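Colleague: In order, the protein sequences belong to chains A and B.
Sequential numbering from 9 applies to the first sequence in this note's numbering.
Sequential numbering from 9 applies to the second sequence in this note's numbering.
For every residue, glycine included, the Cβ atom is placed at its ideal position computed from N, Cα and C.
Values in this document were obtained by computation on a predicted structure and should not be read as measured data.
The structure's right below; bear with me while I get my questions together.
2 protein chains.
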Amino acid sequence: MTTPSRLRADAARNRANILRAARTLIAAHGERAGMDDIAREAGVAVGTLYRHFPTKADLVDAIVSELAGLIFDALDAAVARVDSGDSAIKELTHLIGRMSEAAGHDRTVKAAMANLGVPVHPDLTERAMTGLARLVAAGHAEGTLHPDITPGDLVIVMSTMPDDELPEAARHRWLELAMRSLAAPDATPPAGDEPSRGPGPA
Amino acid sequence: MTTPSRLRADAARNRANILRAARTLIAAHGERAGMDDIAREAGVAVGTLYRHFPTKADLVDAIVSELAGLIFDALDAAVARVDSGDSAIKELTHLIGRMSEAAGHDRTVKAAMANLGVPVHPDLTERAMTGLARLVAAGHAEGTLHPDITPGDLVIVMSTMPDDELPEAARHRWLELAMRSLAAPDATPPAGDEPSRGPGPA
DNA sequence: ACCTGAACACCGTTCAAGT
DNA sequence: ACCTGAACACCGTTCAAGT
């Protein structure tokens with residue numbers, strides 16, 4: 009779990025090989041991937057696998073966290089671009105679209121997505137929520153995001169993203185529909201603000 | 009799989025007990041439910057379980073199909089009400105809302121949902137698509153459904169419905185967002201229940 | 001310290017024996 | 001015909017023995 013500060017050379021090599029093998033096999037077969045298969049693919053004995061990751065869940069978690077890190081990087085990059093003046097709704101569409109595309113090829117992405125909502129690592133979750141809040145604020149400021157949308161809503165959208173069980177065309181259409189539910193109502197300019205029943209930001 | 013036209017009295021009783029036990033345990037624990045546990049709960053030996061359902065997947069499939077049947081019934085009822093003059097968007101909201109609520113308590117519902125898109129039983133799928141097409145047509149006619157929405161879009165929405173991994177408040181908020189993506193641009197989506205702030209998972 | 005691989009435990013599945 | 005439950009196979013996990 010906690011990577012020791014210093015690792016024997018062969019141990020470090022083994023760990024890297026295990027992670028690489030796990031990335032490949034778990035992305036392809038999900039949790040169905042067998043520990044023996046992963047060990048063989050990594051060129052180590054099962055015992056070695058278990059020395060580095062005490063349980064299969066720990067190994068999966070490591071892969072998922074790794075991927076969550078990449079997602080956070082993408083999020084940070086989007087925030088940076090928005091700070092530089094790019095359109096928030098455009099960056100958000102791009103971000104969610106990239107994640108959805110990834111989720112179509114890698115079974116781990118959905119799990120990484122869920123980690124945003126159910127904090128396994130609270131610090132990472134806070135990092136994500138901070139980034140999402142920046143995007144939401146920018147979207148509200150430029151008037152392209154629906155006024156009642158919150159960072160939590162983005163988490164909901166991301167965690168209900170389709171995986172590879174839906175064909176690509178459907179995943180693409182999902183993105184359109186999802187963004188439609190996030191976007192500001194553009195048909196009528198937001199002058200009087202709708203009195204419907206939207207829980208306004210008070 | 010194919011239920012024999014006549015079944016010995018004890019066999020029929022066993023089958024019913026197995027289905028009831030499976031409903032309970034699979035709804036609660038998903039596919040993690042053990043075959044031995046289901047057999048014990050049903051009061052039969054494992055061999056008997058396997059005589060009725062050659063494989064665990066078959067048993068799960070039976071439960072899922074059963075539930076899909078209930079969903080289709082609900083769909084047909086909605087179509088009937090719309091034919092009687094009820095609002096299509098309102099019935100659609102109610103229908104998806106009920107399914108979402110069910111999915112929050114029963115891990116099988118999502119699987120049943122997926123059956124709509126990936127036809128396990130083509131005839132059932134066709135029945136569902138016919139019903140959905142009626143609702144879509146009615147929604148277009150009354151102008152409450154977004155003009156470009158198709159029955160396939162409803163399948164996408166239903167198969168990306170959140171399960172019990174999202175808390176109830178988030179599931180409720182999901183419904184609002186989903187209906188927003190389906191509604192006509194100028195229409196105010198009817199909310200059967202009071203809208204809740206959807207802050208997502210804490 | 002770390003690695004190895006045989007052995008154990010658990011659960012899906014089978015089958016010889018019963019009625 | 002249908003039921004029973006011990007036995008088998010598979011896979012996650014452990015551990016005594018090696019270096």
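Quick check on the DSSP output: what are the complete alpha helix (DSSP H) runs of length 4 or more inside the region 89-124 of chain A, in order along the chain?
Modeller: Qualifying alpha helix (DSSP H) stretches, in chain order: 96-111.
Colleague: Whose C-alpha, out of Arg115/A, Phe61/A, Gly93/A and Ala85/A, is nearest the C-alpha of Asn22/A?
Modeller: If we check each option's Cα against that of Asn22/A, Phe61/A comes out closest.
Colleague: So what's Ala191/A in DSSP terms, helix, strand or just coil?
Modeller: The answer is strand: DSSP assigns Ala191/A an E or B state.
Colleague: Does the beta carbon of Arg188/A come closer than 7 Å to any beta carbon on chain B?
Modeller: So yes, Arg188/A belongs to the interface.
Colleague: Return the CA-CA distance between Leu100/B and Ala111/A, expressed in angstroms with no decimal places.
Modeller: Cα-Cα distance, rounded: 28 Å.
Colleague: Distance check for Ala29/A and Arg205/A, CA to CA, integer angstroms please.
Modeller: Residue placement at Arg205/A is poorly supported in this model, since its pLDDT is 42, which falls under 50; the coordinates are not used for a value here.
Colleague: For Leu15/B, which three-state DSSP category applies?
Modeller: Leu15/B: coil per DSSP, three-state reduction.
Colleague: In the DSSP assignment, what residue or residues form a beta bridge with Leu153/B?
Modeller: Paired residues: Ala191/B.
Colleague: For Ile164/A, would you say it is in contact with chain B, using Cβ-to-Cβ distances shorter than 7 Å as the test?
Modeller: Closer than 7 Å: yes.
Colleague: Taking the C-alpha atoms as reference points, what is the distance between Ile157/A and Ala96/B?
Modeller: C-alpha separation (whole angstroms): 26 Å.
Colleague: Can you list, in chain order, the residues of its chain with a C-beta nearer than 7 Å to that of Met169/A? Leave out the 5 residues immediately preceding and following it.
Modeller: Within the same chain, Met169/A has close Cβ partners Met107, Ser108, Ala111, Lys118 and Met121.
Colleague: Please report whether the beta-carbon of Leu83/B lies at a distance below 7 Å from any beta-carbon of chain A.
Modeller: No - not a single Cβ of chain A is within 7 Å of the one on Leu83/B.
Colleague: Just checking: is the beta-carbon of Leu75/A within a distance shorter than 7 Å of some beta-carbon in chain B?
Modeller: No, because no Cβ of chain B sits closer than 7 Å to the Cβ of Leu75/A.
Colleague: Out of Gly139/B, His180/B and Ala20/B, which one is the CA nearest neighbour of Arg89/B?
Modeller: Of Gly139/B, His180/B and Ala20/B, the residue nearest in Cα terms is Gly139/B.
Colleague: Examine chain B for any beta-carbon lying closer than 7 Å to the beta-carbon of Ala192/A, and answer yes or no.
Modeller: So, not an interface residue.
Colleague: Nearest chain B C-beta to Pro155/A closer than 7 Å, yes or no?
Modeller: Not one chain B Cβ lies under 7 Å of Pro155/A.
Colleague: Does DSSP put Phe61/A in a helix, in a strand, or in coil?
Modeller: Reduced to three states, the DSSP call for Phe61/A is coil.
Colleague: Please classify Leu78/A as buried or exposed, where buried requires at least 16 neighbouring CB atoms within 10 angstroms.
Modeller: Exposed, by the Cβ-count rule.
Colleague: I'd like to know whether the C-beta of Thr63/A is nearer than 7 Å to at least one C-beta of chain B.
Modeller: So no, Thr63/A is outside the interface.
Colleague: DSSP three-state call for Gly55/B: helix, strand or coil?
Modeller: Residue state, collapsed to three classes: helix.
Colleague: Looking only at its chain, what residues have a beta carbon closer than 6 Å to the beta carbon of Asp172/B, apart from the 5 residues adjacent to it on each side?
Modeller: Answer for Asp172/B: Gly112, listed in chain order.
Colleague: In three-state terms, what does DSSP make of Glu49/A?
Modeller: In the structure shown, Glu49/A sits in a helix (DSSP, three-state: H, G or I).
Colleague: Taking the alpha carbon of Asp94/A as the reference point, which residue from Arg142/A, Val52/A and Ser73/A has its own alpha carbon closest?
Modeller: Nearest of Arg142/A, Val52/A and Ser73/A to Asp94/A, Cα basis: Arg142/A.
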